[in-house]
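Basically the numbering used here = 1-based index in the sequence shown + 6. Glycine included, each C-beta is placed from N, C-alpha and C at the ideal position.
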Amino acid sequence: MFSLQRSFSVRPAALSSGHPYALNSSAPSCDIPFLEYRGVGPPQPTFGEPGDVYVDLTPGMYALYWRDRDHALGTRPGQWERWTALLLDKIPLHRYLIPHPWARSSQSSDVFLWVDPNGITWTSKDNLCASRVLMVQRNVGTPAPGRATSTEALVSDVLHKMLEVENTRRRSQNPDGDNRRSAGITQPPPDASHRPSSRPFFHPSGRSTPASIRTPMGGAGPSHRRLDHPNSPPPPAFAGPSRALSPIYSSPSSPVSTSRGSGPSSSNSPRFMNESPGDRLRRATEEMNKALHAEELMKQRFREKTRELARFKTQEKELMAMSYRHEKREMEFNAAIASAESKSAGELAKIQEALAAVQREGDAVRRELEVSVTRLKCSEEELAGAKKQIEGLRSYLDTLESGNIRLKEDLARAREE
Numbered sequence: 007m008f009s010l011q012r013s014f015s016v017r018p019a020a021l022s023s024g025h026p027y028a029l030n031s032s033a034p035s036c037d038i039p040f041l042e043y044r045g046v047g048p049p050q051p052t053f054g055e056p057g058d059v060y061v062d063l064t065p066g067m068y069a070l071y072w073r074d075r076d077h078a079l080g081t082r083p084g085q086w087e088r089w090t091a092l093l094l095d096k097i098p099l100h101r102y103l104i105p106h107p108w109a110r111s112s113q114s115s116d117v118f119l120w121v122d123p124n125g126i127t128w129t130s131k132d133n134l135c136a137s138r139v140l141m142v143q144r145n146v147g148t149p150a151p152g153r154a155t156s157t158e159a160l161v162s163d164v165l166h167k168m169l170e171v172e173n174t175r176r177r178s179q180n181p182d183g184d185n186r187r188s189a190g191i192t193q194p195p196p197d198a199s200h201r202p203s204s205r206p207f208f209h210p211s212g213r214s215t216p217a218s219i220r221t222p223m224g225g226a227g228p229s230h231r232r233l234d235h236p237n238s239p240p241p242p243a244f245a246g247p248s249r250a251l252s253p254i255y256s257s258p259s260s261p262v263s264t265s266r267g268s269g270p271s272s273s274n275s276p277r278f279m280n281e282s283p284g285d286r287l288r289r290a291t292e293e294m295n296k297a298l299h300a301e302e303l304m305k306q307r308f309r310e311k312t313r314e315l316a317r318f319k320t321q322e323k324e325l326m327a328m329s330y331r332h333e334k335r336e337m338e339f340n341a342a343i344a345s346a347e348s349k350s351a352g353e354l355a356k357i358q359e360a361l362a363a364v365q366r367e368g369d370a371v372r373r374e375l376e377v378s379v380t381r382l383k384c385s386e387e388e389l390a391g392a393k394k395q396i397e398g399l400r401s402y403l404d405t406l407e408s409g410n411i412r413l414k415e416d417l418a419r420a421r422e423e
């Protein structure tokens with residue numbers, strides 16, 4: 007296993023408080039370092055800090071991991087997590103992407119993990135969306151039509167292409183590497199100088215760097231000449247190699263001699279030994295016309311590619327606008343849900359208060375009813391006693407009436423006597 011030193015640019019305000027980086031808060035942007043580990047098999051918890059990445063180089067099963075931080079314990083490293091956020095088909099996108107462990111907010115900080123054929127980096131949502139558009143157009147990390155492909159397999163394809171691009175850069179910078187390997191000398195693992203530090207697959211300027219266009223005389227055109235610098239990164243192998251415009255200039259091993267008044271001719275071709283100056287001039291003119299025609303075709307292709315890139319930019323803007331509209335709608339929907347929940351909570355509180363008042367009134371009515379029932383029972387008892395007294399009085403009245411009748415009878419007999 008070995009590690010590579012990487013870095014990415016970010017606004018200081020995008021990082022949360024307590025981060026371990028020494029930054030100048032007054033600067034518009036700052037460089038954040040991180041390590042890119044590479045080895046065979048899953049990563050172990052014994053190495054890595056929050057924000058570091060790990061590439062599993064198991065043949066045919068490449069995988070990308072990133073290390074989170076333990077949010078409960080502050081700056082301590084968390085677990086290694088596998089990265090699968092390649093298909094940008096989720097809404098809202100910022101909830102699907104992987105933000106940096108020290109990002110203040112996944113939506114406002116705009117710092118997410120991304121990988122493309124140019125390397126692994128932490129970048130913004132706009133850059134990774136543009137990078138994904140280019141990968142889809144170049145059929146990198148895209149599912150085959152009619153076949154179900156897992157996201158892990160697509161990420162493995164992107165990492166495989168990234169390693170191929172690195173090998174191409176390494177061979178272009180060190181053409182004698184194959185000879186050393188054939189001689190039994192093992193090439194050391196790549197370091198940070200083998201490729202630029204985590205530059206995104208999409209150029210921030212919005213223009214892809216075209217390949218060097220050769221003129222009919224074999225040199226680079228003035229409008230497309232690329233200045234070679236010792237520290238400048240080589241052109242990405244993803245753009246395709248530049249080729250000569252005519253077969254006559256495609257073989258650098260064939261010596262070309264120029265004589266005054268004649269076109270280029272091969273001094274070693276016997277069939278050109280007996281040509282007259284007119285034939286040589288005519289042949290040179292034909293070759294020049296072929297070269298001009300090839301150059302015109304190359305310019306036409308370049309214009310087509312430029313128009314295609316403009317269409318890609320338009321589609322990218324439409325996708326970004328659509329994503330922004332979906333995020334805005336989601337925010338409005340969440341706000342409406344929160345408002346409805348608050349209103350429902352208020353109405354529920356009012357209903358609960360009314361129910362409590364009704365319950366209190368019911369309790370009071372129940373107590374009054376109990377008192378009334380008690381009074382009614384007492385009244386019934388008093389009524390029963392009164393009935394008994396009335397019955398007693400009635401029986402006494404009957405006794406008095408019977409006594410009166412006897413007295414009347416006795417009085418009548420006494421009068422008769």
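- Message: Please tell me whether G125 and M168 are closer than 9 angstroms, where the distance is taken between their beta carbons.
- Response: yes
- Message: Please tell me whether G84 and G24 are closer than 9 angstroms, where the distance is taken between their beta carbons.
- Response: no
- Cα-Cα separation, H106 to N133: 15 angstroms
- Query: With 16 as the cutoff for other CB atoms within 10 Å, does L103 come out buried or exposed?
  - Reply: buried
- Quick one: what does DSSP say T155 is sitting in, helix, strand or coil? coil
- Let me know the secondary structure DSSP gives S9 once reduced to three states. strand
- Item | Pairwise C-alpha distance: Q11 and A198 | Any answer about A198 is weak, because its pLDDT of 39 lies below 50 and its placement is not dependable; what the coordinates show is given next. Their Cα atoms are separated by approximately 6 angstroms.
- Task: Would you list the residues sitting across from G80 in a DSSP beta bridge?
- Result: Its beta-bridge partners do not exist; DSSP assigns none.
- Query: Any chance the CB of G409 is under 8 angstroms from a heavy atom of the ligand GTP?
  - Reply: Of ligands this structure carries none, so the ligand GTP is not represented either.
- Sub-9 angstroms separation of V164 and M141 beta-carbons: yes
- Would you please state the rounded distance, in angstroms, between the beta carbons of D37 and S22? I believe it to be under 8 angstroms. That pair is no contact at about 18 angstroms.
- Message: For A69, tell me which candidate among H100, E55, V161 has the shortest Cα-Cα distance.
- Response: V161
- Message: With a threshold of 6 angstroms on Cβ separation, who are the neighbours of W108 within its own chain once the five nearest residues in sequence on each side are excluded?
- Response: L21, S22, H25
- Query: Where does I38 fall in DSSP's three states?
  - Reply: strand
- Under a Cβ-count criterion, where at least 16 other Cβ atoms within 10 Å of its own Cβ denotes burial, should F40 be classed as buried or exposed? buried
- Leaving aside the five residues before and after H100 along the sequence, list all residues of the same chain whose C-beta is less than 6 angstroms from its C-beta, in chain order. S112, Q113
- Query: Would you call the segment 151-158 and the segment 86-93 in contact, with 3 or more CB pairs under 8 angstroms?
  - Reply: yes
- Would you kindly work out how many angstroms separate the C-alpha atoms of N340 and L119, rounded to a whole number? 27 angstroms
- Query: Distance, Cα to Cα, Y330 vs I97?
  - Reply: 10 angstroms
- Mind checking which residues open and close the beta strand (DSSP E) that includes T127? 125-129
- Item | Cα-Cα separation, R73 to E42 | 11 angstroms
- Message: Between which two residues does the alpha helix (DSSP H) holding D416 run?
- Response: 283-422
- Assigned secondary structure, P56 (DSSP; H/G/I helix, E/B strand, else coil): coil
- Determine the extent of the alpha helix (DSSP H) in which Y102 is found, giving its start and end residues. 99-102
- Answer yes or no: do G45 and V61 have a C-beta to C-beta separation smaller than 9 angstroms? yes
- What's the gap between the Cα of H77 and the Cα of R176? 39 angstroms
- Task: Starting from Y71, trace the beta strand (DSSP E) both ways and give me its first and last residue.
- Result: 69-75
- Message: DSSP three-state label for D62, please.
- Response: strand
- How would you call T129, buried or exposed, if buried means at least 16 neighbouring beta carbons within 10 angstroms? buried
- Does the Cβ of S32 have 16 or more other Cβ atoms within 10 Å, making it buried, or fewer, making it exposed? exposed
- Might you give, ordered along the chain, the residues of its own chain that have their beta carbon closer than 6 angstroms to the beta carbon of S115, omitting 5 neighbours on each side? A20, A109
- Message: For V139 and T174, I'd like the C-alpha separation in whole angstroms.
- Response: 23 angstroms
- Query: Roughly how many whole angstroms lie between the Cα atoms of G398 and E388?
  - Reply: 15 angstroms
- Take S9 and list the residues in its own chain whose beta-carbon comes closer than 7 angstroms to its own, dropping the five residues that flank it on each side. L41, E42, Y43
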